[in-house]
Structures are given as C-alpha cells and as structure tokens.
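This note's numbering runs 299 ahead of the 1-based position in the sequence shown. Just below is one structure, and these are the notes that go with it.
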Amino acid sequence: MGQTLGRAPLLPVSRQFANLPCRCIHELWKAFNDVAEGFGLTREEMIEILRVALREFLGYTEKKLENLSRELFSILDDDKNDLADALEFLSCLCIISGMSAREKMVFVFGMYDFDESGVLTVDEMILLLRSTLSGLCKLSEMDSPSEQEAERVAIGAFENAKSIDGSTISVEDFVRYCTNTPEIMSWLDFYLEIAEAKRVPIDQAGDPTSADCLILAENNAICPQRTAAHRIAMDDEIGQCKEISQ
C-alpha cells in the first residue's frame, strides 16, 4: 500500500473532527453502540452519534455540529447510497485523533475483534486495514490504496504462521507488527500533528490525556461491549455489516 510522506491534506470539515482526545473516541464508540442499529449508518444516526459524543467537547451549537455532521456523512457516503460504513467512520476518526500511536492501534484492534476473543483473524486484519485506509482517504480526498496492497500488508502479520487459515494475532503482536511495518507507520505519521481546528479550551472540556485509555486497557475494556443488534448485523465470514456489502 506504499509509504506516505509529509502531512495529510485533510478536507476542511475533516479538520473539525481532528485531534480528539482518547475520551472522545471512546464516547463515539459508546454512542455508536447506543444509537446505531448496525454497521451501516444512516445520516441521522451519524448526526446523533456525533451530537451525543462530541457536542460538549467541541463547544459548537447544536445546529453547527449538525451541519458539520451532514458534511462528514456526505464525504464518507461516497457511493451515495445513504449509508456510511461505521467501521470506516470510527477507525478513521481514531487515527486522526490526539491519541498516541499505541492507543490508536489498541483501539482499532478492539473495534475489529468482532467476537471479543482478544485476537484478530486474517479476515478481520484485512478488513481493518481496508476500512481504515478507505476512511482516511475519504477524509483527505485521496485515492485509496488498492485492496490487494492492503491485503498484502495485512497478511504479512501472519507470515510466521504455519498456515494462514485459522491463524490469529494478539493485540500485543498486532502492535508489534504495526510498529515494525514501515507502510503502516508512515500512514500513522501522515496523520500526526494535524493543524487543530478551533475548539473549546482543554481546561473547559475535561482532561483529554491518555489516562482514561490506560484505565480502560487495565480493565480489559479496549472497546465497550457490542449490542445484540450489532452482533446480528455482522456477517458470519468476516464480521462486515451486511447492509454495507449489499
């Protein structure tokens, strides 16, 4: 999938959601589980998720946040079928957030660990890279790497396995692989230190440090529990939302 250089050229609306603290990313995940009925988000669901999770931190009026949310939905719904891929939405906002590289890796790992087994399968790893890269490229109005390139890098995480079929990777091995893979780290670096949009001062928005992420990790709460509705929406093969694949 190639390496990237420089700093990511985020679209203006994308910048409004950049550099969110760890706490806000977890609030987005919680709001998603509370609001959405599956992994194919409607416009109204995305608006509500962003309102519930971010209004206090961003300090925008409800109308302004709704307008920004509509713009973000339009960017992610590039095929204009009135659905946005929730996996793209959440993972790309995680990557452009203010979390550390390790925190981003652990959070995204938890998102794609569909059965909450603590490991990723080959298919989950491939979906993780494809969806995350696709979402990031939409936020930057860039061409996404080919599925074949993403698949090659994803499968590289299992190169020491005797057989790809049935192989899994733990969160620590996932973090280690990402850290030692130049293509992945170049994409993470590409979205580091993005110019921050004007927001509520930190001392008014609460502590955005990684302490809350550490507490979550210590309690094995990489991501909140999935609802029954989201489990039903998962494809048995790879955990991908059936609504999106149709």
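Positions of the beta carbon are idealized from the N, C-alpha and C atoms, including for glycine.
Residues bridged to residue i [DSSP beta-bridge criterion]
i	result
V418	S469
D384	G339
Residue i, buried or exposed, once every other Cβ within 10 Å from all chains shown has been counted against 16
i	result
P444	buried
Q447	exposed
T420	buried
P311	exposed
G409	buried
P481	exposed
I521	Low local confidence applies: a pLDDT of 49 at I521 is under 50, so the model's placement there is unreliable, and no value is given.
N318	buried
F316	buried
D378	exposed
Own chain residues within Cβ distance below 6 Å of residue i, not counting five before or after
i	result
F406	C393
I346	E365 and S368
K362	none
As assigned by DSSP and simplified to three states, the class of residue i
i	result
E458	coil
P320	coil
Q447	helix
E440	coil
G397	coil
Y359	coil
D378	coil
T431	helix
T480	coil
P308	coil
F413	coil
L327	helix
L553	The structure shown has nothing for residue 553, since the chain only spans 300 to 545.
L364	helix
S313	helix
L371	helix
L426	helix
L349	helix
L487	helix
V452	helix
Sequence-distant residues of the same chain with beta carbon closer than 8 Å to residue i, five excluded per side
i	result
L432	M300, S443, P444, A449 and W486
D472	A456
D381	T341 and R342
S313	L371, I374, I395, L438 and S439
R350	E361, L364, E365 and S368
I348	L327, A330, F331, V334, A335 and L340
Whole-Å CB distance - residue i paired with residue j, under 8 Å assumed
i	j	result
I483	C477	5 Å
L435	Y490	7 Å
S439	P308	5 Å
M404	V474	5 Å
E344	V334	6 Å
G397	P320	5 Å
Close-in-space but distant-in-sequence residues of the same chain around residue i (CB under 7 Å, 5 per side omitted)
i	result
R429	E446 and A449
C323	A352, L353 and F356
L389	L327, W328, F331 and M410
D376	L382 and A383
C391	T431, G434, L435 and L438
N479	none
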